[in-house]
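What follows is a set of notes on a single structure, which appears directly below.
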C-alpha cells in the first residue's frame, strides 16, 4: 500500500467584526444571556441598562481540524456465477460454442471481475472537544490565511486567547484512516493507495462577554461568533489559557515515522508532500 500525506497547515480565519463592534451588538442583546424566562420578563418590565455591567470580555480563537482523504483500490478477482436452468430435462448447455454440464438444475460459469473502489471522506473535528461537527464546514466560506505555527505567540501578545487543541493531528488522521483502509478479496491487486490530501488546523474568532445583573445578583455569558455574527447564550470563557501556548510539534505530529503506528501491519510506502 502507498499512502500520500499532505503538509499539515495552520490557518487563521479573519474576523468580520472587531471586538468593539461585537461588544456593542452584544450589549444590545445582553438580556438574552440570562435565559428565556428573563427575556420574557423584560417584555413586561424592561430593565434599565445601568442595572447591568460588563465584568469581563475576551477575544479568542477556537481550533478545529479539517481532514480530507481519498483512497483507490483497483483489483481483479475470479468468481463463479451459478445460472439456473429452465427445467430438469436440460442436461447441458452450449454458450458461445462452449459446452457446460448441468448439475442439480444449475450450470456454473467462471469469470474474472474487474473492480474499482474510490472512497472519499471529509471530516471536521472540534479541536477542543474532539467531537465531529460537520457544521464547521460552513466556516470554509470565509477568508483564511495560512500562518506559521509561531504566529500564535503574536496573537497572545495582543491579548487574544489561543484555545489549545486537545487532540493532535495523528489522532484525527487515525480515525479517518480507520474508515478508509480496507481488506479486499482479490486475486490480483492493481492499485492500492490512500491520499491524505488535507490536514488543516483552523482557528476561528469568538468573542465572549460576561455580564452582571446587579439587582438580581446574577452573572451570565454571551458569545458572539466573529464570522457569522451569531449570538449564543450560556457560553463560556477561557481565561485559564490567557498567555499559554501549546508546542506546535505536539499538535502536528503526523509523518512517515508515525504511519506505522497509525496503520498496523507495516510494509507501507509513505509519500510526503513536504
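In my numbering, the protein residues as written are 249 to 522. By construction, the Cβ of each residue, glycine as well, lies at the ideal position given by its N, Cα and C atoms.
- residue 358, buried or exposed, once every other Cβ within 10 Å from all chains shown has been counted against 16: exposed
- Message: Assuming contact is defined by CB atoms lying nearer than 9 Å, are residue 421 and residue 309 in contact in what I supplied?
- Response: no
- Straight-line gap, residue 255 to residue 500 (C-alpha atoms, nearest Å): 9 Å
- Query: Near residue 327, what residues of its chain come up, given a Cβ to Cβ distance below 7 Å and the 5 sequence neighbours on each side ignored?
  - Reply: 359 and 361
- Give the DSSP-derived three-state secondary structure of residue 254 in the structure shown. coil
- Message: I'd like the list of long-range same chain contacts for residue 468, defined as Cβ closer than 8 Å, with 5 residues on each side in sequence excluded.
- Response: 281, 282, 283, 458, 459, 461, 481 and 482
- Start and end residues, beta strand (DSSP E) containing residue 485: Per DSSP, residue 485 belongs to no beta strand (DSSP E) and is neither H nor E.
- What residues in its chain sit with their C-beta under 7 Å from that of residue 299, if we drop five residues either side in the sequence? 461, 462 and 463
- Message: Taking the beta carbon of residue 385 as the centre, do at least 16 other beta carbons fall within 10 Å, making it buried, or is it exposed?
- Response: exposed
- Task: Decide yes or no for the touch test of the region 329-346 against the region 382-401: beta carbon pairs closer than 8 Å, at least 3 of them.
- Result: no
- Own chain partners of residue 413 with C-beta closer than 8 Å, once the 5 adjacent residues on each side are dropped: 311, 313, 375, 376, 449, 494 and 499
- Task: Measure the CB-CB distance between residue 397 and residue 295 and report whether it falls below 9 Å.
- Result: no
- Task: Pick helix, strand or coil for residue 278, following the three-state DSSP scheme.
- Result: helix
- Message: Let me make sure I understand the geometry here. Which of 489, 452 and 443 has the alpha-carbon closest to that of residue 252?
- Response: 443
- Message: Please classify residue 479 as buried or exposed, where buried requires at least 16 other C-beta atoms within 10 Å of its C-beta.
- Response: buried
- Query: In terms of alpha-carbon separation, which member of 267, 323, 445 and 250 lies closest to residue 454?
  - Reply: 267
- Task: List the DSSP bridge partners of residue 377.
- Result: Residue 377 is not bridged to any residue.
- Query: Taking the runs of the alpha helix (DSSP H) that are 4 residues or longer, which of them lie wholly in the region 442-484?
  - Reply: none
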